[in-house]
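Number 179 in the UniProt record's numbering belongs to position 179 of the sequence shown; there are no gaps in the numbering.
Note that the Cβ used here is the ideal one computed from N, Cα and C, for glycine as well.
Notes to accompany the following structure.
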Amino acid sequence: MSTTPVNVQIPSDTEAPIIADFVEHALRVAYFDRQHWASLPSSDWDAPGVYILMTADGSSRVYVGQARKLRGRLQQHNNKEKLPWRRALAVKRDTTAGFNTAEIGYLEGRIAAELNALHQITVIEGQTSGDETLPKHMMISLDAFVKSILGALRLAGLDISRSNPQTLTEDEQPTSAPVPSNKPNKTVTVADLVSSGLLQAGQALFLSQAGKEAEGSVTADGEIIVRGVSYKSPSTAAAKALELQSSNGWMAWKVGSQSGPPLDMLRQQWLIQQTEEAEK
Numbered sequence: 001m002s003t004t005p006v007n008v009q010i011p012s013d014t015e016a017p018i019i020a021d022f023v024e025h026a027l028r029v030a031y032f033d034r035q036h037w038a039s040l041p042s043s044d045w046d047a048p049g050v051y052i053l054m055t056a057d058g059s060s061r062v063y064v065g066q067a068r069k070l071r072g073r074l075q076q077h078n079n080k081e082k083l084p085w086r087r088a089l090a091v092k093r094d095t096t097a098g099f100n101t102a103e104i105g106y107l108e109g110r111i112a113a114e115l116n117a118l119h120q121i122t123v124i125e126g127q128t129s130g131d132e133t134l135p136k137h138m139m140i141s142l143d144a145f146v147k148s149i150l151g152a153l154r155l156a157g158l159d160i161s162r163s164n165p166q167t168l169t170e171d172e173q174p175t176s177a178p179v180p181s182n183k184p185n186k187t188v189t190v191a192d193l194v195s196s197g198l199l200q201a202g203q204a205l206f207l208s209q210a211g212k213e214a215e216g217s218v219t220a221d222g223e224i225i226v227r228g229v230s231y232k233s234p235s236t237a238a239a240k241a242l243e244l245q246s247s248n249g250w251m252a253w254k255v256g257s258q259s260g261p262p263l264d265m266l267r268q269q270w271l272i273q274q275t276e277e278a279e280k
C-alpha cells in the first residue's frame, strides 16, 4: 500500500482556508467553506488550477472545473450558482511556473472522468474529455497528479471508493506459465511489467472483442487508463472499455496495435525472468 506525504497547515483564523501541500508533486490544495471563499488571498490563488465544488445536502453532487484564475472563477460560482455548493477545494501547482491551460484542461477531464465512474457521485457539468494536445510524457506526469488530487478529495471527506472488484479471476497467474518449485508465488500485475521494463509508461493498448473496439494507455505506476479512468486490473479495464460483464484483459489487450502481442505474452516473459533470477 503506497502513501502520499502531505503537509497540512491549519490556521488559527477559522475563516481562513486549510492548506495541504502534497510534497511529491508540489501541489497546493486549499479547503474552504463557501461563505469564506473570499478568504483565499488573491496573491496566491489568482493562479491556474482545478477546483471541485461539493454539496452538503447528501446528494454527493460535485462540480469539477478549471480556471486560469482560480479565485476569480470561484467568485463567479458564488455570485451565479450552478450548483448549491457549500464547500470546495482548489488545486494549483506550488511552483514558480505553475500549470498552463493545456495541463489544467487535461486534469479537469481526468478528475471528472474518475469521479463520474463512481456510482455514489454525480458530476455536474464535468468535462470528461480532457485536453489531449499535450505530449505523451506530460500526460504521464499529470496522471500521477490525479491520484494526489483524488487523495485531497478523501481528506475533504468525499467517498471515492470503488464498488467494482479490481482483481478478477483472469488476473491470477496464467496456468500455461512454467511451474517450477521456485516459481514466484504472486499474482502478476501490470505494474510488475512496467517496473521490469517489459512495458513502458504511456504505451498504447488496443482491444477488439464482441464486435467492439477500444483503446487504453499505461500509467507510470502500472494502471490502464480507459476514457479518463484508471484501473489496476487489465480485466476490469477491458470489461469497462467494452461495456461487457467480463473480459480476460490479459488476453484481450494488445500492445501497440490491434495486431500486437497480448499483455499475457509479457506476463509470461516476466514469470520466466523471475524464475531465471531465482535459479541464479
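Asked, Found
"Which whole-angstrom value describes the C-beta separation of Ala210 and Leu263, a residue pair presumed to lie in contact below a C-beta threshold of 8 Å?", "Not really, about 18 Å apart at Cβ, beyond 8 Å."
"Going by DSSP, which residues form a beta bridge with Ala20?", "Val8, Val29"
"As a quick exercise: from Leu40, Asp21, Ala26, pick the residue whose alpha carbon is nearest that of Glu15.", "Leu40"
"Start and end of the alpha helix (DSSP H) containing Leu150?", "136-155"
"Under DSSP, the beta strand (DSSP E) around Arg73 begins and ends at which residues?", "Where Arg73 is concerned, there is no enclosing beta strand (DSSP E), although the alpha helix (DSSP H) it sits in stretches over 70-79."
"With respect to the alpha helix (DSSP H) encompassing Thr101, which residues constitute its N-terminal and C-terminal limits?", "101-116"
"In chain order, what residues of the same chain lie with their CB nearer than 8 Å to the CB of His137, ignoring the 5 residues before and after it?", "Gly202"
"Look up Pro84 in the DSSP assignment and say whether it is helix, strand or coil.", "coil"
"For Pro262, write down the residues that DSSP places opposite it in a beta bridge.", "Lys254"
"Looking at the unbroken alpha helix (DSSP H) that takes in Thr236, where does it start and where does it end?", "234-242"
"Return the CA-CA distance between Leu107 and Gln273, expressed in angstroms with no decimal places.", "37 Å"
"Compare the C-alpha of residue 288 against each of Arg87, Ala97, Gly228, Ser12 and name the closest.", "Because residue 288 is not part of the residues shown, which for the chain are 1 to 280, the question remains open."
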